[in-house]
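Residue numbers 28 to 343, in UniProt numbering, belong to the letters of the sequence shown in order.
Quick reminder that beta carbons are idealized off the backbone N, C-alpha and C, glycines included.
To start, the structure under review is shown below, and the notes come after it.
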Amino acid sequence: PFGSGNVQETPAEDDNLIVVGVSQVGSESVWRTAHTQSVQDAFTRANGYLLIFDNARQKQANQIKAIRSFISQQVDYIVLSPIEETGWDTVLQEAKDAGIPVILMDRTVEVADDSLYTTWVGSDFIREGQDAGYWLEDYLKEQGRDEDEINIVVLQGTKGATATIGRTRGFNETAKIQHNWNILEQVDGEFTTAKGKEEMARLLEKYEDIDVVVSQNDDMTFGALEAIHAAGKTTGVNGDITVISFDAVDAGVELVRNGEINIDVQCNPDQGKYVEQVIKDMEAGKEVEKAYYVPERVYTQENAGEDEDAAEGISG
Ligand code: GZL
Ligand code: ZN
Numbered sequence: 028p029f030g031s032g033n034v035q036e037t038p039a040e041d042d043n044l045i046v047v048g049v050s051q052v053g054s055e056s057v058w059r060t061a062h063t064q065s066v067q068d069a070f071t072r073a074n075g076y077l078l079i080f081d082n083a084r085q086k087q088a089n090q091i092k093a094i095r096s097f098i099s100q101q102v103d104y105i106v107l108s109p110i111e112e113t114g115w116d117t118v119l120q121e122a123k124d125a126g127i128p129v130i131l132m133d134r135t136v137e138v139a140d141d142s143l144y145t146t147w148v149g150s151d152f153i154r155e156g157q158d159a160g161y162w163l164e165d166y167l168k169e170q171g172r173d174e175d176e177i178n179i180v181v182l183q184g185t186k187g188a189t190a191t192i193g194r195t196r197g198f199n200e201t202a203k204i205q206h207n208w209n210i211l212e213q214v215d216g217e218f219t220t221a222k223g224k225e226e227m228a229r230l231l232e233k234y235e236d237i238d239v240v241v242s243q244n245d246d247m248t249f250g251a252l253e254a255i256h257a258a259g260k261t262t263g264v265n266g267d268i269t270v271i272s273f274d275a276v277d278a279g280v281e282l283v284r285n286g287e288i289n290i291d292v293q294c295n296p297d298q299g300k301y302v303e304q305v306i307k308d309m310e311a312g313k314e315v316e317k318a319y320y321v322p323e324r325v326y327t328q329e330n331a332g333e334d335e336d337a338a339e340g341i342s343g
């Protein structure tokens with residue numbers, strides 16, 4: 028405000044900050060909140076970054092708009108958690124033409140030319156789905172039910188999302204060799220509590236004997252449990268319905284501990300620090316891999332009670 032006509036200069040210390048544009052899916056789940064927190068914790072000014080963060084409210088069009096805005100602002104890096112795998116070729120080509128590296132996190136993209144992104148940091152979703160199937164196989168054997176007809180329904184996440192595709196594929200692979208497992212239906216629960224509850228209520232109406240629910244994230248599980256209880260059925264240990272969940276947010280792991288659900292397959296949201304490390308490596312001119320898998324585990328009755336910080340439950 029002093030003097031007249033002096034153009035607002037960016038403060039000197041901003042000049043050497045690395046400018047990172049982040050396009051986040053939305054805030055649809057507890058997991059997503061933890062994921063966003065991990066990104067904001069990593070890209071601080073103290074760490075040498077100027078973070079421009081956009082929440083796309085679960086719309087791919089908003090993510091494409093954000094990326095175009097990052098390009099026009101000439102950010103140094105674009106970090107993208109793509110809501111679904113397809114539809115990115117054009118805008119990622121624009122980023123490439125502008126010489127701005129794109130780093131994917133969480134979910135990934137299906138593009139004709141994978142030089143359109145530098146690397147991806149996320150979970151091995153197929154492995155998560157397989158872990159669920161292998162656990163169910165062992166559990167049923169322990170229960171002496173490995174010859175019973177087992178009716179399964181699946182609450183899937185957002186259509187076309189890598190997490191949905193991978194968890195579905197991984198579980199289906201393990202299920203198809205179990206001749207007595209019947210997957211009655213796989214429905215889109217959109218990774219939200221409301222939709223999960225609505226779809227679970229519909230499935231309970233339609234099928235009178237559901238033995239297992241596979242719910243591809245804890246938010247849908249919270250809704251499914253409400254619907255199951257409303258139908259007068261019990262879940263988890265010694266329950267009518269075995270429940271397998273994914274994400275292992277704190278509230279999900281708590282449900283394992285109290286026996287309301289059987290297992291929770293962790294999806295580690297603490298990805299910000301890995302993405303930040305990739306950028307540090309690129310700034311140092313180091314080679315980076317095409318993919319980095321974050322460490323994960325499965326919470327069961329046996330290990331969910333283990334000491335808290337070892338579980339590294341996800342807050343949110
Ligand atoms: C998984 C992530 C999924 C979570 C959901 O990496 O893409 O999206 O499992 C979230 O909770 O909505
Ligand atoms: Zn049955």
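| Item | Value |
| --- | --- |
| Terminal residues of the beta strand (DSSP E) in which Val214 lies | Trp208 to Asp215 |
| Backbone CA spacing between His206 and Thr113 [nearest angstrom] | 34 Å |
| CB of Gln243 within 8 Å of CB of Ala190, strictly | yes |
| Where Thr269 sits in the DSSP three-state scheme | strand |
| Asp151 CB to nearest heavy atom of the ligand GZL below 7 Å | no |
| Unbroken beta strand (DSSP E) run spanning Ile306, endpoints | Not the beta strand (DSSP E): Ile306 falls in the alpha helix (DSSP H), residues Gly299 to Glu310. |
| Contact check, Asp148 vs Met132, beta carbons under 8 Å | Here residue 148 turns out to be Val, not Asp, going by the sequence shown. In contact: Val148 and Met132 (Cβ atoms closer than 8 Å). |
| Residue(s) in a DSSP beta bridge with Val131 | Correcting the residue type first, residue 131 is Leu in the shown sequence and not Val. DSSP output for Leu131 lists Leu107 and Trp147 as bridge partner(s). |
| Straight-line gap, residue 351 to Asp42 (C-alpha atoms, nearest Å) | A query on residue 351 cannot be resolved here, the shown segment of the chain reaching from 28 to 343 and no further. |
| C-alpha gap between Ala69 and Glu303, whole angstroms | 6 Å |
| Among Val57, Ser108, Ile255 and Ala73, nearest to Thr146 - alpha-carbon criterion | Ser108 |
| CB contact flag (Gly85, Val106, <8 Å) | Here the sequence assigns Gln to residue 85, which means Gly is not the residue at that position. In this structure, Val106 does not lie closer than 8 Å to Gln85 by Cβ. |
| C-beta neighbour in chain C for Trp58, strict 8 Å | Looking for chain C here will not work: only one protein chain is present. |
| Closest residue to Tyr166 among Asp297, Glu314 and Ile290 (Cα-Cα distance) | Ile290 |
| Residue(s) in a DSSP beta bridge with Ala318 | Trp147 |
| Residue nearest to Glu281 in terms of C-alpha spacing, selected from Ala331, Val241 and Cys294 | Ala331 |
| Check: Gly184 C-beta below 7 Å from any heavy atom of the ligand GZL | yes |
| Paired residues, beta bridge with Asp165 - DSSP | According to DSSP, which records beta bridges pairwise, Asp165 is partnered with nothing at all. |
| Whole-number beta carbon distance between Ile153 and Gly197, since they are thought to touch under 8 Å | 4 Å |
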